[in-house]
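Report on the structure given below.
Numbering (the numbering used here), first residue to last: 2 to 107.
The structure is reproduced here in structure tokens:
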């Protein structure tokens, strides 16, 4: 089951699914014109902006967006959009910080 965020709308999953199925990139107009999402192009644009604010899409300019690794992981049920974390360590590993290293010194 996908762990959606309280900030998400019913259309967000469909937008992300469309993006992944269409080479990972698209514009609000393309998503709207596909007929998959039955809201205005303006509303699709707002949702895509919101998805970008939460790291599931990236705005690349000229109205175009690209789905991120987090967006793909969310669709694959490997990312919790509410908490903004990968589930069960399924995400990319991040190097430990110096603060982490300090806590390991004995």
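We treat Cβ as the ideally placed atom computed from N, Cα and C, and that holds for glycine. This one's a predicted model, so the numbers in the text were calculated from it and none came from an experiment.
For residue i, report the span of its alpha helix (DSSP H) as first-last.
i, result
"residue 46", "42–54"
"residue 32", "29–34"
Quick check: the Cα distance between residue i and residue j, rounded to an integer number of angstroms?
i, j, result
"residue 100", "residue 44", "Legend: pLDDT at residue 100 = 42, less than 50; position of this residue unreliable, value from coordinates given subsequently. Their backbone Cα atoms lie some 42 angstroms apart in a straight line."
"residue 42", "residue 11", "15 angstroms"
"residue 28", "residue 8", "21 angstroms"
"residue 62", "residue 68", "14 angstroms"
"residue 78", "residue 72", "10 angstroms"
"residue 14", "residue 90", "22 angstroms"
"residue 96", "residue 70", "Residue confidence for residue 96 is low, a pLDDT of 42 falling below 50, so the modelled location carries little weight and cannot support an answer."
"residue 40", "residue 88", "31 angstroms"
"residue 6", "residue 30", "24 angstroms"
What first and last residue would you give for the beta strand (DSSP E) that runs through residue i?
i, result
"residue 58", "58–62"
"residue 65", "65–68"
Using the three-state DSSP reduction, which class does residue i fall into: helix, strand or coil?
i, result
"residue 16", "helix"
"residue 98", "Here the model assigns residue 98 a pLDDT of 41, short of 50, so the residue's position is not dependable, and the following value carries that caveat. Correct three-state label for residue 98: coil."
Could you tell me how far apart the beta carbons of residue i and residue j are, in whole angstroms, since I believe they sit closer than 8 angstroms?
i, j, result
"residue 57", "residue 17", "6 angstroms"
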